[in-house]
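When we follow the working numbering, the leftmost residue of the sequence shown carries the number 96, and every step to the right adds one. Yeah, the Cβ is synthetic: ideal placement off N, Cα and C, and Gly gets one too.
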Amino acid sequence: MMHEDEMLDVDQVLRFENGIDEVEESLMSSGFQQFLLWPSDDYITIEWVQDMMFILEKASQKTLPTEFCHVVQTFVVFKLIDAACNVLCKEPNCVEINCLGEDSKVIVVGDIHGQFHDLMFLLKHAGMPSENQFYIFNGNYVDEGAWGIEVFLVLLAWKVLMPHRVYLLRGNHESRYCTAQYGFKKEVQTKYGNQSEDVYNKFLECFKELPLASVIANRVYTTHGGLFRSIHAAASPSEKPKWKMTPRMDLGSLVDLSQVKRTCIDSPHEGPNILLSDILWSKPSNRDGLRVNAGRKLGLWCGPDCTEAFLKQHNLKLIIRSHEGPDARAGRDDFGDMLNGYSIDHDGESGKLYTLFSAPDYPQFGGKTYNNEGAYAILKSPDFATPSFQSFKSAERPMVYPYIDFDADDMDSSKLDSSQIRPQPPPFLLLKMRRDPNLTLSH
């Protein structure tokens, strides 16, 4: 493995230093007038995508979130999502990426979590998608950060423009349940007001179309969570007699993966489609075997023997998964702490398993931040199986109010009825409440 020793420098992003009140006054008086127009011929060009990134970056600095609906109107959101879904729905659960050109390079990106300015820096530093440069994104585009809409729309635009160079996989946060708890739904409500329900449901429709995994040059497997049980094991009864020992759970294959019904918007707890939960929620373990996750009850613990067996069965050399940042590794001495954005979790005879996380200074909101670096992986021709990892520090970002107000560790994924989640006031209503203590909310 090759390491990049030099840390990336980040600059040029607007900084607000005098508190949220001055931020609001600055934004209201900025007079930012640019907005994004949909191409009249419905044909996206590289110039349109570049203009989109410029407008969204400037808008994040110069407009209030409540004015975002004027920057990117609902009509544009719907047209872009429809165009992207028309591409995504034709892709299999596991996309095969044939990048065997002599100068081909693949950039693999982990969790982004609405950190739009870090995504912009990553694209500028690593280089934009091109004929010889492929991008694989491992999911978790939204939630936790303030700019999930901007992140996802930009990536959808690149997908429509270069469908065979940019691949977007699904993460566990691309669900109704997670987005209702972790901030994305409230972000949509804040930015789109009385149109937000239609916009939110449109995003959910798109999430269901995202593929679940990729195989790069027949050498590297990438996914969001991890490995998964076999279809046969999923079809077996979930409750066993107490006097019997729990039978060994069989490891799933790429054939099993191809049969998953990915159009479920939330991860199931049981049934034959529980493989979807495994793929999006599973984690590596240093203990051999596949074991159910007794804590959150979604996903599996996958031991090093499982990684070895999966690589050997499919003649692969590498697995790059995401899903875990420094918060998930805190207190776990058996694996890397993810503070530099990646970790080697399994290293066997057939190959390695890495965890990759691309959201530096995570989480954006909450009581504790880890001052971590994000990272992306670089895979190069000819074999693509010897990655280099580039770590980078957080870009400076405008100050905003959070769209969530609780500790992520409190999430109970066994309660998947998002209709029972108590609605929270939008960020700028919180500002009004602070200024007017007599203002109350009706539930």
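For His268, the three-state secondary structure derived from DSSP is coil.
CA-to-CA, the gap between Leu250 and Cys359 works out to about 22 Å. If only complete runs of 4 or more residues are kept, the segment 377-465 shows the alpha helix (DSSP H) at 399-408, 421-424, in order along the chain. Sequence-distant partners of Leu406 (beyond 5 residues in either direction) whose C-beta falls short of 6 Å from its own C-beta, in its chain, are Ser445, Gly446.
Here the segment 472-488 makes contact with the segment 309-327; the two share three or more CB pairs at distances below 8 Å.
In the pairwise beta carbon analysis, the segment 248-267 is classified as touching the segment 231-238: at least three pairs are separated by under 8 Å. Val350 sits exposed, since fewer than 16 C-beta atoms from the chains shown fall within 10 Å of its C-beta.
Under the DSSP assignment, Thr358 falls outside any beta strand (DSSP E); it carries neither an H nor an E label.
Contact annotation: the segment 238-258 does not touch the segment 396-412, with fewer than three C-beta pairs closer than 8 Å.
Under the DSSP assignment, Phe247 falls in the alpha helix (DSSP H) whose first and last residues are 243-256. The segment 449-460 and the segment 484-491 touch, with three or more beta-carbon pairs separated by less than 8 Å. Proximity of the segment 208-226 to the segment 300-311 falls short of the contact definition, fewer than three beta-carbon pairs being nearer than 8 Å.
Of the candidates Tyr496, Pro399, Asn368, Gln276, the residue whose Cα lies closest to the Cα of Asn381 is Pro399. Residue burial annotation: Arg324 is buried, with at least 16 other C-beta atoms found within 10 angstroms of its C-beta. DSSP lists Ile231 as the bridge partner or partners of Tyr262. It is roughly 36 Å from the alpha-carbon of Asn466 to the alpha-carbon of Gly347. Within its own chain, the residues whose Cβ lies closer than 8 Å to the Cβ of Asn193, once the five positions on either side in sequence are excluded, are Ala312, listed in chain order.
Between the segment 202-210 and the segment 155-174 there are fewer than three C-beta pairs closer than 8 Å, too few to call the two in contact.
DSSP places Ser486 in the strand class (E or B) of the three-state scheme. When rounded, the separation of the alpha-carbon atoms in Ile499 and Glu419 is 19 Å. Val237 carries a coil assignment under DSSP once its states are collapsed to helix, strand and coil. Residue pairing by DSSP puts Asp206 in a beta bridge opposite Phe452. For Gly288, the secondary structure class from DSSP, reduced to helix, strand or coil, is helix. Sequence-distant partners of Pro134 (beyond 5 residues in either direction) whose C-beta falls short of 8 Å from its own C-beta, in its chain, are Thr140, Trp143. Excluding sequence positions up to five before and after Val355, its CB lies within less than 8 Å of the CB of Asn188, Leu307, Asn368, Leu370, Leu371, Ile374, all in the same chain and listed in chain order. Beta-bridge analysis with DSSP links Cys189 to Ala308. Here the alpha carbons of Gly222 and Leu159 stand approximately 30 Å from one another. A direct Cα-Cα distance of roughly 19 Å separates Glu282 from Leu131.
A Cβ-Cβ contact shorter than 8 Å links Val203 with Leu451.
Under the criterion of beta carbons closer than 8 Å, Pro497 and Phe460 qualify as touching, at roughly 4 Å. Judged by DSSP secondary structure, Lys153 falls within the alpha helix (DSSP H) whose first and last residues are 141-157. Assignment of beta-bridge partners to Ile473 by DSSP yields Ile202, Ser483.
Separation of the CB atoms of Lys297 and Phe163 is rounded to 15 Å, and the pair is thereby denied contact status at 8 Å.
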